[in-house]
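Taking it in order: structure first as structure tokens, then the write-up.
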Amino acid sequence: MTDPIPTDIVIDCDPGIDDAIALLLAIACSDRVRLSSITTTHGNVGLALTARNACKVRSLAGRPDVPVHAGCPRPLTAPLHDAAHIHGDNGLGGVDLPDGEGGLAAVHGVDALIAEAERGRTLIAVGPLTNVAVALIKCPDLAARWPRLVIMGGGVAAGNVTPAAEFNIFTDPEAARTVLTTTEWPENARPVLFPLDATHQALLGPDWIADLSASGGPICRAVAGMLGGYETPSTVERGGKCVHDAMAVAWTIRPDLFETRPARIDVVTDSGTARGRTIADFASGEPTADVATDVDAPAFIGWLKEKLIALDALRGGDS
Ligand code: BDR
Ligand code: CA
-1 MTDPIPTDIV IDCDPGIDDA IALLLAIACS DRVRLSSITT THGNVGLALT
49 ARNACKVRSL AGRPDVPVHA GCPRPLTAPL HDAAHIHGDN GLGGVDLPDG
99 EGGLAAVHGV DALIAEAERG RTLIAVGPLT NVAVALIKCP DLAARWPRLV
149 IMGGGVAAGN VTPAAEFNIF TDPEAARTVL TTTEWPENAR PVLFPLDATH
199 QALLGPDWIA DLSASGGPIC RAVAGMLGGY ETPSTVERGG KCVHDAMAVA
249 WTIRPDLFET RPARIDVVTD SGTARGRTIA DFASGEPTAD VATDVDAPAF
299 IGWLKEKLIA LDALRGGDS
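At position 106 of the sequence shown (counting the first as 1) the number is 104 in the numbering used here, and the numbers step up by one without a gap.
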């Protein structure tokens, strides 16, 4: 049997510790996904830092050739909200990575996303959905031509910023609503949504992190360092760290690790306590997304470690 042709992908992100791990995972799996560009948004930290961090991570992974396009510096209408208290002031848990070669691409992130969609690339969106919403507003017929959109966002049972809302949706609910209530996707290619209900199922515990650090080279040690500085309330309660964004990348390579169910999605944009809530109607006959509901957690975290160690080996191992 011949190997499958790699899927071309673009990652829209706000690095961010789990965003950084998502980028590394994609680069580690370049036999299966070809990362053609990275676009960044405001989110975990401000846009200048998310763009700079994306450049640092591509260099760490030995891919300074992947263009990084900075996108929108603020939500559509909501006030700026970040998560530096979770990802550290530098967005990478205090780990100081070198900037590496190459700067930012001149093209704006939204225009890069539109160009990537037109070239038939899968979009993995793991930050607030501002860039994606603006792309859809700028080009209303774009959704019908977007081969696939995979999103980390939302919490059906509960949020992580408020009891109702998850960070990526809470930070720009108007953008999330624009994207998640769109119905013009190509047939059989509804967006795939990874909410907290799925991402909280796989935890990286202290042993996993120590083993990664001991088994790999500079990339694994940088990841272990970032995870050491990644403090979420759910981490403390559950005894492990959730790498939400890496799961969205994993789905494009290992869909066998996940179960999804079709649902019609809505997002609350009212100003009350439910602002940013993601509602998934699994009973709807007119679904708008496939929602990840179950994860083979041991297989996912084992595979993630294997891929990060393999990336280090590929980049020349211990240095
Ligand atoms: C999401 O919020 C961010 O802090 C993470 O990077 C992830 O995309 C999880 O709620
Ligand atoms: Ca993110």
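A virtual CB, placed ideally from N, CA and C, is assigned to each residue, including glycine. Please read these numbers as outputs of a predicted model, since none were measured by experiment.
Leaving aside the five residues before and after residue i along the sequence, list all residues of the same chain whose C-beta is less than 6 Å from its C-beta, in chain order.
i, result
"G91", "I15, M224, G227 and Y228"
"D12", "T39, G41, N42, T48 and G125"
"C137", "I112"
"R236", "L201"
"L95", "K54 and L58"
Might you give, ordered along the chain, the residues of its own chain that have their beta carbon closer than 7 Å to the beta carbon of residue i, omitting 5 neighbours on each side?
i, result
"T250", "T5, I7, V31, T120, I122 and V148"
"L78", "H40 and R72"
"T180", "L134 and A141"
"E99", "S57 and P62"
Determine the closest residue to residue i out of the options, with distance taken between C-alpha atoms.
i, options, result
"H67", "D87, S34 and R252", "S34"
"I167", "T181, R143 and P193", "P193"
"P62", "L102, N42 and P161", "L102"
"D319", "I217, A131, T169 and D254", "Nothing can be reported for residue 319, as the shown portion of the chain is limited to -1 through 317."
"A295", "D94, A208, L201 and A59", "L201"
"I299", "P204, G69 and L95", "P204"
"G107", "N88, P260, V132 and D94", "V132"
"D10", "P260, S213 and C70", "C70"
Given a threshold of 16 other Cβ atoms within 10 Å of its Cβ, counted over all protein chains shown, does residue i qualify as buried or as exposed?
i, result
"G157", "buried"
"P184", "exposed"
"K303", "buried"
"H83", "exposed"
"T48", "buried"
"E116", "exposed"
"D288", "buried"
"G86", "buried"
"N129", "buried"
"A81", "buried"
Under the assumption that residue i contacts residue j (Cβ atoms under 8 Å), give the Cβ distance between them as a whole number of angstroms.
i, j, result
"G152", "T39", "About 16 Å; that fails the 8 Å criterion."
"V190", "T258", "6 Å"
"T267", "E172", "6 Å"
"I36", "V64", "6 Å"
"T197", "M245", "5 Å"
"L74", "D170", "6 Å"
Hey, residue i and residue j: beta-carbon distance below 7 Å or not?
i, j, result
"V221", "L306", "yes"
"L127", "I263", "no"
"A278", "V154", "yes"
"I3", "A59", "no"
Can you give me the Cβ contacts of residue i inside the same chain, cut-off strictly under 8 Å, excluding the 5 residues immediately before and after it?
i, result
"D97", "R50, C53, K54 and S57"
"R273", "T160, A162, A163, F168, P171, V266 and T267"
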